[in-house]
Amino acid sequence: MSKIIVTTQKGKTRELKGESGSSLMEILRDADMGVAAICGGVCSCATCHVYINGEWGKKLPPRSEEETDLLKELESYDPSASRLSCQIEFTEELDGLALTVAPEE
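Numbering (our numbering), first residue to last: 32 to 136.
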């Protein structure tokens, strides 16, 4: 298993194990990291909003139009870092991924 470095909404950092093929949302939700994921991962609620730290954003596939539209509705939207964790499949290439859980809205 690969690792994910997560900073919580309260600023605490925690290292999680990630299994390839799982969505980041599933990993964060299962670890009780403050990701509500109300829609269950179908890109319809934006309650799994995270900020991808640093250069990691360049290693991810681009946002879909649907994901971008949902994110733009959030006050906490950051065009350079915001992603919906349900739309990111965790792979071994993302070992060491650093992210911050966005504030609840």
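Glycine is no exception: its CB is placed at the ideal position from the N, C-alpha and C atoms.
It should be emphasised that the depicted structure is a prediction, and the values quoted were computed from it without experimental measurement.
Close Cβ partners of residue i (< 7 Å) along its chain, the five nearest in sequence each way excluded
| i | result |
| --- | --- |
| Arg60 | Val66 and Ala68 |
| Ala129 | Ile36, Asn84, Gly85 and Trp87 |
Residue i classed as buried or exposed, judged by whether at least 16 other C-beta atoms fall within 10 angstroms
| i | result |
| --- | --- |
| Thr78 | buried |
| Gly49 | buried |
Which residues DSSP lists as bridging residue i, in chain order
| i | result |
| --- | --- |
| Ile35 | Leu47 and Leu128 |
| Glu120 | Ser54 |
| Ile83 | Leu130 |
Span of the beta strand (DSSP E), counted from its first residue to its last, around residue i
| i | result |
| --- | --- |
| Arg114 | Ser113 to Leu115 |
Element boundaries [alpha helix (DSSP H), containing residue i]
| i | result |
| --- | --- |
| Thr99 | Glu96 to Lys103 |
Candidates the options, of which the one nearest residue i by Cα
| i | options | result |
| --- | --- | --- |
| Ile119 | Ser107, Thr44, Arg94 and Val132 | Arg94 |
| Ser54 | Ser111, Lys41, Thr39 and Cys74 | Cys74 |
| Glu97 | Leu115, Ser111, Tyr82 and Gly85 | Leu115 |
| Cys76 | Glu104, Pro110, Ile83 and Pro92 | Glu104 |
| Leu91 | Asp100, Met64, Glu50 and Glu123 | Glu123 |
| Val132 | Lys43, Val81, Glu50 and Met32 | Val81 |
Proximity test, Cβ basis, 8 Å: residue i and chain D
| i | result |
| --- | --- |
| Lys43 | Structure shown: chain D not included; a single protein chain is present. |
Cβ shell of residue i (< 8 Å), same chain only, five flanking positions each side left out
| i | result |
| --- | --- |
| Glu46 | Lys34, Ile35, Ile36 and Val37 |
Contacts around residue i, its chain only, beta-carbon distance under 6 Å, and the 5 residues preceding and following it disregarded
| i | result |
| --- | --- |
| Ser107 | Ala133 and Pro134 |
| Gln40 | Gly65, Val132 and Pro134 |
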